[in-house]
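Structure record follows, encoded as structure tokens.
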Amino acid sequence: MMLSYLVPIVLVVLLIAASIRILPEYKRGVVFFLGRYQAVKGPGLFIIIPLIQKMEVVDLRVITMDVPEQDVISQDNVTVRVNAVLYFRVVDPEKAIIQVENFIVATSQLAQTTLRSVLGKHDLDEMLSERDKLNDDIQEIIDTQTEDWGIKVANVEIKHVDLDESMIRAIARQAEAERERRAKVIHAEGELQASQKLVEAANVMSANPAALQLRYLQTMSDMSNRNASTIVFPLPMDILDVFKTMGQGGVRPAPADRTSPTTQRTEQGGDGTDLG
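Below, the structure written as structure tokens:
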């Protein structure tokens, strides 16, 4: 007799246990009543009627997805291997369950194709130097297409851009040539600035000849302080004028004789008579 009452009680308890559902704060349940969408429930405690109602649980937290490595041909025909990481979350559980079969797989496939198509429109230099811009472009394209699935793409980050060894050596040679070009340009600019300063100094010294003589003496003083075997012979600056006159074909006038011609002839006679 007791067994006949015990069996229904056990069935009712099992039915109630199977009907009670508890969802945490970061999850939602999409409930279907006889196959038709009914509501989104959660978080907390609620009851689902077995065999009549069915619930699909959706996690609302940010999902971190590693986009597999992709072979990409850049716009300048360079083959590279690129992988990235994708951050997204479900903002509309109803669309995420009804509009797409598996929103995680669909988002992963969309991220792979978008990564190849976007990077294929850029040169290798842009991939290496403008990652922030590429990340924004990829994120915007994926977010636009996943909006109908109730998914919000928070961020996309390109992690690695792997190159072949030959391409790495070519880039190294290019960087070395660029550094040499910059060094030559800087050296030429330094020579130009130095020449301008020398012209200014020459103009200042030409205004006062004594400044050139002082500079000459200062140079001799600097050379004498060094422990070197160089012997310096001072050369008067007036001698340079003589060499300059000789180079121009001119003859420097002889100094005037203080004795008169009569006196010279008298001295040449030698006998005390006037030979004039």
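Going letter by letter, the sequence shown gives residues 121 to 396 in this note's numbering. For glycine and all other residues, C-beta sits at the position ideal for the given N, C-alpha and C. A quick note: this is a predicted structure, and the numbers were derived from the prediction, not measured.
Looking at C-beta atoms only, is the number of pairs between the region 193-206 and the region 235-242 that lie closer than 8 Å three or more?
yes
Measuring alpha carbon to alpha carbon, tell me which residue in 141, 293, 171, 154 is nearest residue 165.
Locating residue 165 in the sequence shown gives position 45, where the first residue counts as 1. Minimum Cα distance to residue 165 is reached at 141.
Under 7 Å Cβ to Cβ from residue 275, same chain only, skipping five residues before and after it: list those, please.
Here residue 275 refers to the residue found at position 155 of the sequence shown. These residues qualify, in order along the chain: 207, 259.
Can you tell me whether residue 321 is buried or exposed? The criterion is at least 16 other CB atoms within 10 Å of its CB, across all chains shown.
Residue 321 sits at position 201 when you count from the first residue of the sequence shown. Its Cβ having fewer than 16 others within 10 Å, residue 321 is exposed.
Taking the beta carbon of residue 200 as the centre, do at least 16 other beta carbons fall within 10 Å, making it buried, or is it exposed?
Within the sequence shown, the letter at position 80 stands for residue 200. So residue 200 counts as buried.
Name, in chain order, the residues that DSSP records as bridge partners for residue 201.
Here residue 201 refers to the residue found at position 81 of the sequence shown. Note: residue 201 sits in a beta bridge opposite 191, 282.
Thinking C-beta only, is residue 216 closer than 7 Å to residue 223?
Against the sequence shown, residue 223 aligns to sequence position 103. Against the sequence shown, residue 216 aligns to sequence position 96. Closer than 7 Å, so yes.
Counting C-beta neighbours from all protein chains within 10 Å, is the total for residue 148 16 or more, i.e. buried, or is it exposed?
Taking the sequence shown and counting its residues from 1, the one referred to as residue 148 is at position 28. Counting Cβ neighbours within 10 Å, residue 148 comes out buried, since at least 16 surround it.
Would you call residue 247 buried or exposed, if buried means 16 or more other Cβ atoms sit within 10 Å of its Cβ?
Locating residue 247 in the sequence shown gives position 127, counting from the first residue. Its Cβ being crowded by 16 or more others within 10 Å, residue 247 is buried.
Determine the DSSP secondary structure at residue 277, reduced to helix, strand or coil.
Translated into positions along the sequence shown, residue 277 becomes position 157. Correct three-state label for residue 277: strand.
Starting from residue 176, trace the beta strand (DSSP E) in both directions and tell me its first and last residue.
What you label residue 176 is simply residue 56 of the sequence shown in a count that begins at 1. Element bounds for residue 176: 173-179.
If you run the structure through DSSP and keep just helix, strand and coil, what is residue 146?
Counting from one through the sequence shown, the residue named residue 146 turns up at place 26. It is coil, neither helix nor strand.
Pick helix, strand or coil for residue 186, following the three-state DSSP scheme.
By 1-based counting over the sequence shown, the position of residue 186 is 66. Residue 186: strand per DSSP, three-state reduction.
Helix, strand or coil at residue 169 according to DSSP, with G and I counted as helix
Taking the sequence shown and counting its residues from 1, one reaches residue 169 at position 49. Of the three classes helix, strand and coil, the one that applies to residue 169 here is coil, per DSSP.
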